[in-house]
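Residue numbering for the sequence shown is -19 to -1, 1 to 353, as defined by mature numbering (1 follows the signal peptide of the UniProt record, and there is no 0).
What follows is a short report on a single structure.
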Amino acid sequence: MILFIIYLYLCLCIVLVNSQNSSVSVNRPKFSPCATWNANATTFANSTTIGTNPGVVFVDRNNTIYVTDRTSYRVQVWQNGQNNVTRTVSGGLNDPIGLFVLNNGDIYVENGNVYNQINKWIMNSTKSTVVTYLSGGHCYGLFIDINQTLYCSLKINQVLKISLNSIGNMTQLAAGNSTPGNTTYLLNWPRGIFVDINLDLYVADGGNNRIQKFSYGQLNGTTIAGSGTTGTFDLNGPSDVVLDADGYLFIVDQNTNRVIGSGPYGYRCLVGCSQQTGSTPSQLNQPYSMSFDSQGNIYVTDKNNARIQMFNLATNPNSCNILSTQTPLLTSNNPSSSSSTLASSKSSSTPSITSSLIISSTQLSSTSPSIS
């Protein structure tokens, strides 16, 4: 009897571990079609804690916040959204940008500027291990999918992927071929990346002012937003792309200083909608990355203002038929949470959406992207 109980306990542990490893660690809330965010942000962190050149912000499912500090060569951590830094990850880093954190607390940091590698810190460890070596400079974006495959968007205009479960960590090409270009097979300054549970890859193709989607196993991309599309809008130096629970896009458009979102009724500006560079609570200056917390609030790296801005979800629950909800569990066994259900999430009645939030391509700036 005791042996049987031990056997059941071990089986349960295996199930829990596999469930944790197969789930996406990023927050993907399900939003009402008319969800809005407060126009004025709260400054979560400034140059005192993140330096004068912050990189990527990442919020995990426990609302622990991570930011790469490119000035001091470190990662700052706020456990469970606390106001004060609770952990600093450093040692052997040089100008880190890309960042990703797994459900078990493992922190992956790109370290390509000098060392051409990706490092990993396990929970509460003060020393890192090298995950893999990569030539090509910075990984502007890191992502780890449900199969424990790590993706890196490289400065040399390609995205590579590495299985964390295989021996030797052999790299494979996921998109681009190191030659800058604007064809369906090429990229130009890829930065933020996202992989859904169907293993489709989304790339913020900054130099081409577009978002590219690469279906699993395909090197021929499809432009789903920005330059070369019809019925969407213009982009100017997009630096990050994130998907919600229904597969709708949220884009940091760096050179227009705003965050844009899609939904069942089209694209609209969400925050930074004046397009004016500035440092007031409603303005951004070269925003770089974004991340949702579990409640749907948006955290943005406001790069040139050296701060992390938090825009609170401000939906009026009486203004729409569908309420916003916190992040559902997204696993390979829960396909209903994937982008394949996008069509079924659309309401048959059009909610009231503030007209000033709707974007037309003529409203967008056409200045050249600022490469950093």
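No residue lacks a Cβ here, since even glycine has one placed at the ideal position from N, Cα and C.
Item	Value
Span of the beta strand (DSSP E) holding I78?	Looking at the DSSP string, I78 is not in any beta strand (DSSP E), and its letter there is neither H nor E.
Take every Cβ of the segment 101 to 114, pair it with every Cβ of the segment 177 to 186, and state whether three or more of those distances are shorter than 8 angstroms.	no
Quick check: N44 and D274, are their CB atoms within less than 7 angstroms of each other?	yes
Which residue marks the beginning of the alpha helix (DSSP H) containing S28, and which one marks its end?	S28 to I31
Assign N100 to one of three DSSP states: helix, strand, or coil.	strand
Compare the C-alpha of N189 against each of Q267, G198, T210 and Q199 and name the closest.	T210
Between which two residues does the beta strand (DSSP E) carrying I88 extend?	I88 to N92
With distances taken between CB atoms, is the gap from T49 to G36 smaller than 7 angstroms?	yes
Beta-carbon separation of M271 and A22 under 7 angstroms?	no
Out of L224, N146, T213 and S134, point me to the one whose CA is closest to G187's CA.	S134
Under the three-state reduction of DSSP, which class applies to K142: helix, strand or coil?	strand
By DSSP, does T203 sit in helix, in strand, or in coil?	strand
Can you give me the C-alpha to C-alpha distance between N225 and N8, rounded to a whole angstrom?	First, the residue type needs correcting, since residue 225 is Asp and not Asn in the sequence shown. Those two C-alpha atoms are separated by around 8 angstroms.
Indicate the three-state DSSP secondary structure (helix, strand or coil) for Q60 in the structure shown.	helix
If you count every other CB in all the chains shown that lies within 10 Å of the CB of V184, and 16 or more means buried, which is it?	buried
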